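Quick notes on the structure that follows.
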Amino acid sequence: MTYSTLIIENGVARLTLNRPEVHNAFDDSLIAELNAHLEQLHTLAKAGDVRVVVLGSEGKSFSAGADLNWMKRIVDYDLEDNLADSRKLSALMHGLDTLPCPTVCRVQGAAFGGAVGLAACCDVVIASDKAKFCLSEVKIGLSPAVISPYVQRALGERQMRRYALTAEIIDAPTSLALGLSHQVVEHEALDTAIDNMIATLLAGSPQAQRTSKALMATVAQAPDAEETREHTCQVIAKLRVSPEGQEGLSSFFEKRRPAWAESNHASHASERRS
Numbered sequence: 022m023t024y025s026t027l028i029i030e031n032g033v034a035r036l037t038l039n040r041p042e043v044h045n046a047f048d049d050s051l052i053a054e055l056n057a058h059l060e061q062l063h064t065l066a067k068a069g070d071v072r073v074v075v076l077g078s079e080g081k082s083f084s085a086g087a088d089l090n091w092m093k094r095i096v097d098y099d100l101e102d103n104l105a106d107s108r109k110l111s112a113l114m115h116g117l118d119t120l121p122c123p124t125v126c127r128v129q130g131a132a133f134g135g136a137v138g139l140a141a142c143c144d145v146v147i148a149s150d151k152a153k154f155c156l157s158e159v160k161i162g163l164s165p166a167v168i169s170p171y172v173q174r175a176l177g178e179r180q181m182r183r184y185a186l187t188a189e190i191i192d193a194p195t196s197l198a199l200g201l202s203h204q205v206v207e208h209e210a211l212d213t214a215i216d217n218m219i220a221t222l223l224a225g226s227p228q229a230q231r232t233s234k235a236l237m238a239t240v241a242q243a244p245d246a247e248e249t250r251e252h253t254c255q256v257i258a259k260l261r262v263s264p265e266g267q268e269g270l271s272s273f274f275e276k277r278r279p280a281w282a283e284s285n286h287a288s289h290a291s292e293r294r295s
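The sequence shown maps to residues 22 to 295 in the numbering used here.
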């Protein structure tokens, strides 16, 4: 049985959790599937065959966090078993966070526990007004440990302390105010908002997006270090003289679509006609 799906069309990959009967809860099988999908997506994104990844789920909830049956098995794990298990979840978060292309998270309902980590690892989070988030781990004697680097980066240390310790529900408007989500829309408008964001991202240069994503990760480590400043100079200089950079500048001055946007525009126009 598969617990997730990966569909790739016209450079857009839709990675979907597909366990609606248990609110898309995590277990070791789902984590293994997602890691395999992400390994494939890393390869395709580096090659330019995937331009945007949309992470979503089927059913009412985005994800309820850990699966109850999985948690029952974990009770009997020793320390080494738990470490191996946690490292697979850590690989999932890191793999999603470091995808070379832009990522969009579609949150239609509840996102609890590890699911908050998935959202925080994506570049853009668009949530329904019915969405709610919760770092629920302390209620069962645990900690949002593996997801903490990504969620704290999204919330900031001060807000992370509150919500990791209280396990309060974060409703959609609060998630927007905190920076956990980037956009909140009416539930019925969620897919339209996702499609609009995909179109926006496809208008950007694939090379520039890959480079910018890697650059931001580097800058975050040491924003004002001399090595970082020199790295930023190297990045922009190399982009300016690259074929894609030259095409972008030429198309701007010639007031036309750049080649990468023109091809996407043509493919989407063809889809609409069919």
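Think of the CB as a built atom: it goes at the ideal place given N, C-alpha and C, for glycine as much as any other residue.
Computed from a prediction, not measured in an experiment: that's the story for all the values here.
Asked, Found
"Would you identify the three-state DSSP class for Arg293, choosing helix, strand or coil?", "The pLDDT assigned to Arg293 is 47, lower than 50, so where the model puts this residue is not dependable, and the model offers no usable value."
"Do the CB positions of Leu113 and Ile190 come within less than 7 Å of each other?", "no"
"Got a sec, what are the start and stop residues for the beta strand (DSSP E) Leu27 sits in?", "25-30"
"Using only the alpha-carbon positions, how far apart do Leu201 and Glu283 sit?", "33 Å"
"For the segment 82-100 against the segment 230-244, are there 3 or more C-beta pairs whose distance is under 8 Å?", "no"
"Fully enclosed by the segment 122-169, which beta strand (DSSP E) runs are 3 residues long or longer?", "124-128, 131-133, 145-149, 153-155"
"Is it the case that the Cβ atoms of His58 and Ser82 are separated by a distance below 7 Å?", "no"
"Go ahead and pull the three-state DSSP assignment for Arg278.", "coil"
"So, at 7 Å on beta carbons, what are the nonlocal neighbours of Ile215 in its own chain, with the 5 sequence-adjacent residues on each side left out?", "Val75, Val125, Arg127, Ile147"
"How long is the line joining the alpha carbons of Asp48 and Gln61, rounded to whole angstroms?", "20 Å"
"At the level of alpha carbons, what is the spacing between Val172 and Ala188?", "13 Å"
"Rounded to a whole number of angstroms, what is the C-alpha to C-alpha distance between Ser295 and Pro165?", "Residue placement at Ser295 is poorly supported in this model, since its pLDDT is 47, which falls under 50; the coordinates are not used for a value here."
"On the criterion of 16 or more Cβ atoms from any shown chain inside 10 Å, does Ile219 qualify as buried, or is it exposed?", "buried"
"When you compare each of Thr232, Leu176, Lys67 to Arg261 by their alpha carbons, which one comes out closest?", "Thr232"
"Confirm, please, whether the CB-CB distance from Leu156 to Val137 is below 7 Å.", "yes"
"Figure out for me which residue from Leu186, Pro227, His203 has the closest Cα to the Cα of Gly69.", "Pro227"
"Report the option in Glu265, Asn217, Ala238 whose CA atom is closest to the CA atom of Ala229.", "Glu265"
"From the DSSP output, in three-state form, read off Gly69 for me.", "coil"
"What does Arg35 pair with, by DSSP beta-bridge criteria?", "Ile28, Val75"
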